[in-house]
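Following the numbering used here, the numbering of the sequence shown begins with 115 at its first residue and continues without gaps.
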Amino acid sequence: MGRVRIVTDSTADLPRELVDKYGIIVVPLKVNIGHDVYRDGVDLTHTEFIDRMIREDVLPTTSQPSPGEFVAVYERLAAKGESIISIHLSGKLSGTVQSAKTAKTITDYRDIYVIDSKTASMGLGLIVLAAAKEAYEGRSVRDVLSTVNDKIEKSFVVFLVDTLEYLEKGGRIGKAGNVLGTLLKIKPILTIEDGQVVPLEKVRGEIKAIEQMTRCISERTDNTRWYNCAFVYGNRYKSLNRLREKVLDVIKCEDPLTTEIGAVIMSHVGPELIGVAICPD
Numbered sequence: 115m116g117r118v119r120i121v122t123d124s125t126a127d128l129p130r131e132l133v134d135k136y137g138i139i140v141v142p143l144k145v146n147i148g149h150d151v152y153r154d155g156v157d158l159t160h161t162e163f164i165d166r167m168i169r170e171d172v173l174p175t176t177s178q179p180s181p182g183e184f185v186a187v188y189e190r191l192a193a194k195g196e197s198i199i200s201i202h203l204s205g206k207l208s209g210t211v212q213s214a215k216t217a218k219t220i221t222d223y224r225d226i227y228v229i230d231s232k233t234a235s236m237g238l239g240l241i242v243l244a245a246a247k248e249a250y251e252g253r254s255v256r257d258v259l260s261t262v263n264d265k266i267e268k269s270f271v272v273f274l275v276d277t278l279e280y281l282e283k284g285g286r287i288g289k290a291g292n293v294l295g296t297l298l299k300i301k302p303i304l305t306i307e308d309g310q311v312v313p314l315e316k317v318r319g320e321i322k323a324i325e326q327m328t329r330c331i332s333e334r335t336d337n338t339r340w341y342n343c344a345f346v347y348g349n350r351y352k353s354l355n356r357l358r359e360k361v362l363d364v365i366k367c368e369d370p371l372t373t374e375i376g377a378v379i380m381s382h383v384g385p386e387l388i389g390v391a392i393c394p395d
């Protein structure tokens, strides 16, 4: 059995320097804007994507990688005799993990483990990073799989969207709810439970929303232990700094990450987003 290699998809939103450092292979989803198709995290910068969303006022659509794209990755790693752990966006949010499972059945190689993270963005990213660090250190595939399953069980994400507009356009809420929320300046706080996006709170005003997010995180963590945490943002970096300061006052996190949220997630919730992923160290 060769070394363990970690495969994920672009919704993990991992910073490029960490992907390169730990040899993580990222298979991109695709984002469609009008007649244009882009590979998430490859063909369009964070700023360019936000500019197009705002300027053109269109609802982007997304699509998962094909099984063939995963087959190409798996066969390349299999040729080296490497163990493959492929960790992906929640199967309830995308067909990506199903494409990976299909690719596994096509690939004539037994040492492939496809895992549904049941989360997204840096919730997925922190799980992938934990696995990649252990693989980098030479841990066995069994040890890495054990870590992945433990992190999936104990990790969580909390994020704040500025408007319900994109959720309404995507059919997740009624139009009346969007109009009322906008008029009252209500900020929805969301989380992911059992692989699905669910509302956590609705708070009037950003300052109160960030305070409520911090309380939710405090209630779900233990101030005697250390955590890994990652802060993500769309078009509201200043708001993210406020959230970061509040959260780091209530949890122990030695080296928090800050990263841009990818185009796929923004396509579904809009560019005015901030959030945090928490994972026990």
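For each residue, glycine too, the CB sits at the ideal point set by N, CA and C.
Taking each of 211, 231, 203, 177 in turn and checking the Cα distance to residue 185, the smallest one comes out for 211.
With a cutoff of 7 Å on beta-carbon distance, residue 145 and residue 152 are scored as near each other.
Residue 376: not part of any beta strand (DSSP E); DSSP gives it neither H nor E.
By DSSP's assignment, residue 273 forms a beta bridge with 304, 389. Nearest neighbour of residue 265 by Cα position, chosen from 330, 357, 343, turns out to be 343. For the pair of segments examined, the stretch 201-217 was found not to touch the stretch 321-331: the number of CB pairs separated by less than 8 Å stays below three. In the DSSP assignment, the residues bridged to residue 310 are 307.
Here residue 370 carries a coil assignment [DSSP, helix/strand/coil]. Closest by C-alpha distance to residue 193, out of 167, 226, 181, is 226. Between residue 138 and residue 246, the gap from beta carbon to beta carbon is short of 7 Å.
Scanning the stretch 189-272 for uninterrupted beta strand (DSSP E) segments of 3 residues or longer gives 197-202, 226-230, listed from N- to C-terminal end. Between residue 156 and the set 128, 168, 173, the nearest pair of CA atoms involves 128. For the set 122, 126, 134, 394, the Cα lying nearest the Cα of residue 268 is the one of 394. A distance below 7 Å separates the beta carbons of residue 357 and residue 388.
Under the DSSP assignment, residue 133 falls in the alpha helix (DSSP H) whose first and last residues are 130-135. Residue 308 sits exposed, since fewer than 16 C-beta atoms from the chains shown fall within 10 Å of its C-beta.
Relative to residue 175, the option among 161, 143, 202 whose CA is nearest is 143. The closest CA to that of residue 347, considering only 340, 341, 355, is found on 355. Judged by DSSP secondary structure, residue 146 falls within the beta strand (DSSP E) whose first and last residues are 144-147.
Taking a contact as a CB-CB distance under 8 Å, the pair residue 271 and residue 303 does not count as one, their CB atoms being some 11 Å apart.
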